[in-house]
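Trainee: The sequence shown begins at 552 in my numbering and counts up one residue at a time. If you scroll down you'll find the structure; I have some questions about it.
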Amino acid sequence: MSPAHAHGYSYPPTMPSAPPPPPKPSLPRAALLGLSGGLLLGGLGLLALGVRGVFGTPDCTGLSGPECELVQQAAQEMGRVQTRFGGALVALGAALFVLVRRWRPSPPSTP
């Protein structure tokens, strides 16, 4: 009886294969990740400015009643627009990050 059959193997034991080499860095991937980070940060900043414009009250010192009302309405409308665009930029940045990130291969299933 051969040594492989003595231990219950139906095939001769083999050495484990060497681990795969690490992936090479990619310039387009790095550029897209930078773009994704920029979209996320810019979107968060714009979102914060928009929320401040919607819920904050502008300074009306030296303005008459109608002027102050106009400034408040303009700040509120600009805040709404900034909030929408900030949220859209955050969503685009997150989607780009999900598309560009590295996928880890799933481990093989053993029966």
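Think of the CB as a built atom: it goes at the ideal place given N, C-alpha and C, for glycine as much as any other residue.
Reducing DSSP to helix, strand and coil, say where L621 ends up.
Mentor: Mapped onto the sequence shown, residue 621 falls at position 70. Correct three-state label for L621: helix.
Trainee: Between the segment 597-604 and the segment 624-631, do at least 3 Cβ pairs fall closer than 8 Å?
Mentor: A contact exists between the segment 597-604 and the segment 624-631.
Trainee: Could you tell me which whole alpha helix (DSSP H) segments of length 4 or greater appear in the segment 584-659?
Mentor: Fully enclosed alpha helix (DSSP H) runs of 4 or longer: 616-651.
Trainee: Exposed or buried, L650, counting other C-beta atoms within 10 Å across all chains shown (16 or more means buried)?
Mentor: Walking along the sequence shown from the start, residue 650 turns up at place 99. Exposed, since its Cβ has fewer than 16 Cβ neighbours within 10 Å.
Trainee: Using CA atoms only, rank isn't needed, just tell me which of F606, G594, W654 is closest to G638.
Mentor: Walking along the sequence shown from the start, residue 638 turns up at place 87. Closest option to G638, Cα to Cα, is G594.
Trainee: Apart from the five residues just before and just after S587, which ones in its own chain have a Cβ nearer than 6 Å to its Cβ?
Mentor: Locating residue 587 in the sequence shown gives position 36, counting from the first residue. Hits under 6 Å: G644, L647, F648.
Trainee: Does the Cβ of G589 lie closer than 8 Å to at least one heavy atom of the ligand FAD?
Mentor: The ligand FAD is absent from the structure shown, which contains no ligands of any kind.
Trainee: Compute the Euclidean distance between the alpha carbons of R655 and P576, then round it to the nearest angstrom.
Mentor: By one-based count along the sequence shown, residue 655 stands at place 104. By one-based count along the sequence shown, residue 576 stands at place 25. So the alpha carbons of these two residues sit roughly 15 Å apart.
Trainee: Within 10 angstroms of the Cβ of L621, are there 16 or more other Cβ atoms? Answer buried if so, exposed if not.
Mentor: Here the question's residue 621 lines up with position 70 in the sequence shown. It is exposed - the Cβ of L621 has fewer than 16 other Cβ atoms within 10 Å.
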